[in-house]
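Numbering (my numbering), first residue to last: 488 to 626. Note that CB positions come from ideal geometry on N, CA and C, so glycine has one too. No experiment lies behind these values; they were computed from the predicted model shown.
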């Protein structure tokens with residue numbers, strides 16, 4: 488992991504990602520699968536809001552641990568059609584973006600990924616409380 492990030496830097500990065508997700512929400516009608524794209528963007532935005540709220544009362548290292556726990560709970564949706572499981576894919580994408588933001592060691596992310604449940608064997612994890620559901624881009 489790179490030099491530790493301050494809470495303020497983390498909140499600024501999450502705010503930037505929320506803005507990107509909001510822009511994606513606005514452009515959803517122009518995409519081939521508007522409902523899925525909107526769901527993906529809403530899910531990302533909601534996760535960034537939740538992580539930001541958590542970061543306001545916890546140390547940056549605790550936020551990273553929390554994000555890894557959330558990541559490990561998301562069932563694999565790899566291999567499904569692009570427009571299916573948009574909320575799960577959005578949350579996964581948001582967490583992976585967060586890991587890039589904080590400079591998480593790729594090995595740590597891979598280890599967390601390896602502990603994720605299979606889609607058919609896992610209960611669907613409810614979306615985190617926040618202002619929106621999910622969709623399909625980085626941000």
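Counting every other CB atom within 10 Å of its CB across the protein chains shown gives residue 493 a total below 16, marking it as exposed. Under the three-state reduction of DSSP, residue 606 is assigned to coil, being neither helix nor strand. As the crow flies, the alpha-carbon of residue 601 is around 10 angstroms from that of residue 594. Contact annotation, residue 526 with residue 590: C-beta distance approximately 29 angstroms; criterion of less than 8 angstroms not satisfied. Taking the C-beta atoms as reference points, residue 603 is found no nearer than 8 angstroms to residue 568. Each of 606, 498, 597 was checked against the Cα of residue 546, and the nearest Cα belongs to 498.
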